[in-house]
Amino acid sequence: MLEQMDLTMVNWARAQFALTAMYHWLFVPLTLGLSFLLAFYETLYVKTGNEEWKRITKFWMGLFAINFAIGVATGIILEFEFGTNWSNYSWMVGDIFGAPLAIEGIFAFFLEATFFAVMFFGWDRVSKKFHLFSTWMVAVGSNLSALWILVANGWMQHPVGMRFNPDAARFEMQDIGAVIFSPVAVSKFAHATSSGFLLASLFVITISSWYLLKGRHQEMAKKSILVAAVFGLFSSAFVGFTGDEAAYTNAQLQPMKLAAFEGLYDGAAPAGLVAMGVMNHSKQPGDGQDPFLFEVKVPGLLSLLANRTPGSFVPGINDLIYGNESHGVMGVQEKMARGKIAVAQLANYKAAKKAGDPVGAQAALTAFNANQDYLGFGYLNRPEEAAPPVPLVFYSFHIMVAVGTLLPLICLLFLYFTYKDTIDRQKWLLGLGLTSVFLAHLAEQAGWVVAEVGRQPWAIQNLLPVTVARSNLTTATVQTTFFMFLVLFTTLLIAEIGIMVKQINHGPEEN
Amino acid sequence: MFGSLDLSQLQELWWGIISLLGGLFLFLTFVQGGQTLLMFGPVAENENERILVINSLGRKWELTFTTLVLLGGALFAAFPKFYATSFGGAYWVWVAILFTFILQAVSYEFRRKPGNLLGTRVYDFFLFINGSLGLLLIGAAIGTFFTGANFSLNAYNQVTWHHPLRGLEAAFDPFNVAMGLMLVFLARILGAMYLSNNIKVHNIHANCCMAAYKNMLLMMPCVFYIMYQLVTMQGFALSPETGLIWQQNYKYVYNLNHPMSTTIMFTGGFLLILWAVLIARYYGSRNSIWYAGIGTVMMGFHLFFIAGTNNTSFYPSKINMQDSLTIYNASSSHYTLTAMSYVALAVPLVLAYIIYVWRAMDAVQLSEDDLKDADLKKFY
Chain A
1 MLEQMDLTMV NWARAQFALT AMYHWLFVPL TLGLSFLLAF YETLYVKTGN EEWKRITKFW
61 MGLFAINFAI GVATGIILEF EFGTNWSNYS WMVGDIFGAP LAIEGIFAFF LEATFFAVMF
121 FGWDRVSKKF HLFSTWMVAV GSNLSALWIL VANGWMQHPV GMRFNPDAAR FEMQDIGAVI
181 FSPVAVSKFA HATSSGFLLA SLFVITISSW YLLKGRHQEM AKKSILVAAV FGLFSSAFVG
241 FTGDEAAYTN AQLQPMKLAA FEGLYDGAAP AGLVAMGVMN HSKQPGDGQD PFLFEVKVPG
301 LLSLLANRTP GSFVPGINDL IYGNESHGVM GVQEKMARGK IAVAQLANYK AAKKAGDPVG
361 AQAALTAFNA NQDYLGFGYL NRPEEAAPPV PLVFYSFHIM VAVGTLLPLI CLLFLYFTYK
421 DTIDRQKWLL GLGLTSVFLA HLAEQAGWVV AEVGRQPWAI QNLLPVTVAR SNLTTATVQT
481 TFFMFLVLFT TLLIAEIGIM VKQINHGPEE N
Chain B
1 MFGSLDLSQL QELWWGIISL LGGLFLFLTF VQGGQTLLMF GPVAENENER ILVINSLGRK
61 WELTFTTLVL LGGALFAAFP KFYATSFGGA YWVWVAILFT FILQAVSYEF RRKPGNLLGT
121 RVYDFFLFIN GSLGLLLIGA AIGTFFTGAN FSLNAYNQVT WHHPLRGLEA AFDPFNVAMG
181 LMLVFLARIL GAMYLSNNIK VHNIHANCCM AAYKNMLLMM PCVFYIMYQL VTMQGFALSP
241 ETGLIWQQNY KYVYNLNHPM STTIMFTGGF LLILWAVLIA RYYGSRNSIW YAGIGTVMMG
301 FHLFFIAGTN NTSFYPSKIN MQDSLTIYNA SSSHYTLTAM SYVALAVPLV LAYIIYVWRA
361 MDAVQLSEDD LKDADLKKFY
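First to last, the sequence lines map onto chains A and B.
Here my numbering is used: the first residue of the first sequence is 1, the next is one more, and so on.
Here my numbering is used: the first residue of the second sequence is 1, the next is one more, and so on.
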């Protein structure tokens with residue numbers, strides 16, 4: 001297998017997947033949160049009978065529909081790109097990974113698709129209560145969709161509930177419960193959806209702020225803000241809690257990712273948390289250079305956050321690559337040696353089976369089984385390949401946290417001044433509100449970089465590197481499709497923004 | 001319940017589920033057919049009629065789209081080797097198909113909105129491309145279930161494609177082209193019937209009845225050619241004793257007759273579509289979509305079914321016959337198929353709420369009154 005690897009092609013395939021995922025993640029968080037906000041607004045309409053809530057619901061529903069369409073468009077590509085660009089991956093883990101995608105289709109997509117039509121076109125065709133039920137079903141369906149894709153993603157980060165079948169040369173599911181209730185899947189789902197709720201709340205706040213600054217649709221804007229700020233505030237508390245949980249599971253299950261987003265090269269006990277810093281870009285693992293040109297560190301805090309034990313040891317990148325015997329950390333070099341045995345014995349096993357040599361096959365299988373946990377490491381060429389691009393992950397993480405800390409404050413201030421009914425006089429806050437959705441998008445995108453770039457070089461953590469997971473395509477082929485999708489998605493994004501701007505400028509329907 | 005079935009029974013069950021999803025998808029391509037009728041029908045004679053047609057289709061497009069996504073997900077879960085081999089190998093044909101579906105997904109929502117960058121006509125053209133080229137290529141891809149594809153697999157089941165067009169070459173095989181054209185004309189028949197059922201405008205109804213009839217005339221030669229080829233071509237058969245693939249004369253004649261009900265249901269499906277077209281053309285029936293729909297599901301189900309059952313390779317390799325995929329060597333494990341079978345028990349519930357909502361939404365046909373009463377902005 002190794003001789004077929006084309007690293008240039010792999011990088012273009014990664015770029016194409018990242019492009020699609022990042023475009024997709026521009027629209028999906030908004031769908032996740034806005035669908036619930038629509039349900040809240042419409043519930044208020046049905047409860048109170050106040051037509052203003054209906055007008056508010058219909059206005060945000062219009063924007064939701066535009067966003068939803070482009071989210072669907074980018075989503076279909078993601079599903080099929082697993083096959084087109086990562087066909088070895090599709091075969092090697094399809095037995096496990098395909099299930100959540102199929103379940104997503106059955107339980108989530110049809111719920112969304114069916115009730116979306118009622119929500120959008122059914123105002124005069126079904127009863128008020130059935131319409132409200134449909135709006136709630138769209139919200140539930142959207143978030144169920146997130147659940148299943150994040151179960152799949154969580155499994156990639158922390159593969160559980162499976163075994164390797166050497167005859168088929170693939171991983172097979174043994175326990176679907178372990179896959180669904182994996183701690184990584186649970187924390188990813190909770191963190192991603194709650195951050196989507198926060199983003200949607202800020203989307204509403206941004207547009208409402210603009211109306212208030214312009215002195216237009218003020219009643220609608222204030223009512224919209226009131227619900228969105230409460231939802232955003234609750235969501236942000238959940239984002240913080242689940243973010244802490246995600247970091248903890250990272251520390252336990254993906255320590256290299258944690259070390260990368262903290263820029264921690266040399267493990268320490270106690271380990272300090274870098275609150276901010278400028279990285280030394282010439283720094284390489286094991287070279288003895290200081291990783292930071294400048295840093296502000298909180299002593300001991302990383303030990304507490306990573307292990308929930310003050311003063312505990314947190315391994316750094318150097319410990320994970322080169323090993324740290326005193327703390328029982330096995331280095332990548334040793335894992336590679338064991339992984340190469342696994343790869344060689346798998347080949348021996350298949351050759352012996354083909355030659356009709358059961359004794360040889362059994363011996364090879366025994367040797368393979370003893371080393372199979374390190375299979376993925378057998379495909380690495382150098383121990384340093386096991387580390388992700390540290391500066392990118394470090395900055396993304398710190399941007400996410402810094403911006404993410406500011407966002408609840410914005411929600412709180414909007415809630416306070418709206419409650420006091422003085423929000424339209426707080427020009428400085430409305431100005432900040434204008435920027436809030438862009439800040440939230442920045443945090444969302446940075447979060448995905450942390451999650452996905454942080455686990456490189458693995459497609460499946462420790463078991464399958466991206467170089468093996470890829471399809472057998474030429475670099476030119478993937479380059480071509482990369483630019484095709486870039487042009488298409490960018491065009492559609494410009495069109496979407498253009499439509500949104502026109503609709504926002506037009507405002508809600510008049511009474 | 002499912003856990004007690006042996007692996008081959010689960011594999012056959014899942015090929016049946018895939019076949020059913022395939023048949024349902026073909027029925028739901030009435031959306032794509034309607035999209036092409038909008039440009040080359042013509043079923044709508046003025047702007048108001050066009051708006052009604054696009055709004056009628058716009059309330060259903062997501063069902064078709066979602067069924068396609070589910071079909072992909074089900075293939076991934078149940079037959080991952082096919083997913084890996086076909087998508088990773090026949091790269092360009094799948095990218096082209098997906099491209100047309102991206103265009104469809106935004107076109108309904110964007111086409112008439114101010115500030116949409118490209119203008120209404122461009123989005124309408126996108127819908128036409130999805131309904132014509134998209135379906136033509138899907139048909140060509142389905143055709144390769146019978147004619148084979150240019151791939152080989154290594155010992156680790158990694159695919160190598162042996163043609164520079166990477167799957168697009170399938171669109172130059174006469175059988176595959178006929179399959180693609182059949183899908184396009186069938187979708188147009190179904191689209192015309194759906195619109196005549198869903199819109200209460202005399203012109204649209206009359207035009208749709210005629211469009212269904214004309215497209216039936218165009219589809220018939222494709223159906224007859226495909227049938228002639230199917231009953232005369234060699235099929236890629238699996239020897240259960242040796243596990244080897246070999247070319248068997250009249251393989252699909254055998255498959256059509258094992259069980260005998262296959263021929264009856266396949267032919268019955270075709271006759272139901274024909275009946276639906278005739279009652280629309282000569283009696284102006286607005287309910288012909290239901291006959292044609294059931295007929296399409298029957299035909300589609302059995303077309304997929306004969307491709308994979310009775311020890312037949314459903315994705316033959318033209319490069320190395322022994323690399324051909326069968327439902328037995330391409331499937332997921334016993335555990336996964338069992339788990340997914342329990343999940344599939346939810347499908348009747350899903351179908352039930354889709355039918356309920358469809359009936360609730362379509363209880364009253366769309367008419368020109370909708371244009372007068374409602375705010376035009378909410379229309380596509």
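Where is the CB? At the ideal position from N, CA and C, for every residue including glycine.
Sequence-distant residues of the same chain with beta carbon closer than 8 Å to residue i, five excluded per side
{"i": "Met22 of chain A", "result": "Gln445, Trp448"}
{"i": "Ala247 of chain A", "result": "Leu258, Leu305, Ala306"}
{"i": "Gln4 of chain A", "result": "For Gln4 of chain A, the predicted structure reports a pLDDT of 49, less than 50, and the residue's modelled location is therefore unreliable. The matter cannot be settled from this model."}
{"i": "Leu182 of chain A", "result": "It should be pointed out that residue 182 of chain A corresponds to Ser in this sequence rather than to Leu. Val151, Gly154, Trp155, His158, Val160, Gly161, listed in sequence order."}
{"i": "Ile327 of chain B", "result": "Gln11, Glu12, Trp14, Trp15, Phe79, Gly308, Thr309, Phe314"}
{"i": "Pro299 of chain A", "result": "Pro270, Gly272"}
{"i": "Ala237 of chain A", "result": "Pro408"}
DSSP state of residue i mapped onto helix, strand, coil
{"i": "Arg188 of chain B", "result": "helix"}
{"i": "Ile180 of chain A", "result": "helix"}
{"i": "Trp123 of chain A", "result": "coil"}
{"i": "Asn324 of chain A", "result": "strand"}
{"i": "Gly498 of chain A", "result": "helix"}
{"i": "Thr242 of chain B", "result": "coil"}
{"i": "Val450 of chain A", "result": "helix"}
{"i": "Phe27 of chain A", "result": "helix"}
{"i": "Phe482 of chain A", "result": "helix"}
{"i": "Trp428 of chain A", "result": "helix"}
{"i": "Ala269 of chain A", "result": "coil"}
{"i": "Val393 of chain A", "result": "helix"}
{"i": "Val329 of chain A", "result": "strand"}
{"i": "Val314 of chain A", "result": "strand"}
{"i": "Leu2 of chain A", "result": "No answer about Leu2 of chain A holds up, because its pLDDT of 43 lies below 50 and its placement is not dependable."}
{"i": "Phe79 of chain B", "result": "coil"}
{"i": "Gln254 of chain A", "result": "coil"}
DSSP bridge partner residues for residue i (one or two, in chain order)
{"i": "Gln247 of chain B", "result": "B:Phe236"}
{"i": "Gly277 of chain A", "result": "A:Glu295"}
{"i": "Glu172 of chain A", "result": "A:Arg163"}
{"i": "Ala344 of chain A", "result": "Its beta-bridge partners do not exist; DSSP assigns none."}
{"i": "Pro465 of chain A", "result": "A:Trp458"}
{"i": "Glu415 of chain A", "result": "Correcting the residue type first, residue 415 of chain A is Leu in the shown sequence and not Glu. Bridge partners of Leu415 of chain A: none, in fact."}
{"i": "Ser152 of chain B", "result": "B:Thr160"}
{"i": "Ile199 of chain B", "result": "B:Leu366"}
Other residues of its chain near residue i: CB distance less than 7 Å, five sequence neighbours each side excluded
{"i": "Met1 of chain A", "result": "Because Met1 of chain A sits at a pLDDT of 44, beneath the cut-off of 50, its placement in the model cannot be relied upon, and the point is left open."}
{"i": "Lys60 of chain B", "result": "Val31"}
{"i": "Thr309 of chain B", "result": "Glu12, Trp15, Asn255"}
{"i": "Lys128 of chain A", "result": "Val46"}
{"i": "Ser90 of chain A", "result": "Phe82, Gly83"}
Residue i versus the options, residue with shortest Cα-Cα distance
{"i": "Met276 of chain A", "options": "A:Val28, A:Gln426, A:Leu293", "result": "A:Leu293"}
{"i": "Gln372 of chain A", "options": "A:Ala355, A:Ile341, A:Trp91, A:Val437", "result": "A:Ile341"}
{"i": "Thr31 of chain A", "options": "A:Gly49, A:Ile96, A:Phe116", "result": "A:Phe116"}
{"i": "Val437 of chain A", "options": "A:Val359, A:Leu429, A:Val204, A:Gly378", "result": "A:Val204"}
{"i": "Phe261 of chain A", "options": "A:Glu509, A:Pro388, A:Ile504, A:Arg14", "result": "A:Pro388"}
{"i": "Asn215 of chain B", "options": "B:Ala155, B:Ser333, B:Phe40, B:Val122", "result": "B:Phe40"}
{"i": "Ala170 of chain B", "options": "B:Leu153, B:Thr147, B:Ser152", "result": "B:Thr147"}
{"i": "Val72 of chain A", "options": "A:Phe97, A:Val28, A:Pro358", "result": "A:Val28"}
{"i": "Leu264 of chain A", "options": "A:Asp290, A:Ile180, A:Trp123", "result": "A:Asp290"}
{"i": "Leu7 of chain B", "options": "B:Leu21, B:Leu337, B:Ile355", "result": "B:Leu337"}
{"i": "Arg170 of chain A", "options": "B:Asn329, B:Ala363, B:Leu349", "result": "B:Asn329"}
{"i": "Gly23 of chain B", "options": "B:Trp92, B:Met321, B:Gly269, B:Phe224", "result": "B:Gly269"}
{"i": "Phe164 of chain A", "options": "B:Trp358, B:Ser333, B:Gly143", "result": "B:Ser333"}
Contact set for residue i: own chain, Cβ-Cβ below 6 Å, skip 5 residues either direction
{"i": "Leu439 of chain A", "result": "Val403"}
{"i": "Met61 of chain A", "result": "Leu38"}
{"i": "Ser201 of chain A", "result": "Ala228, Phe231, Gly232"}
Exercise for review: Just list the beta strand (DSSP E) runs in the region 303-378 of chain B, keeping only unbroken ones of 3 residues or longer that don't cross its boundaries, in chain order.
Suggested key: 313-315
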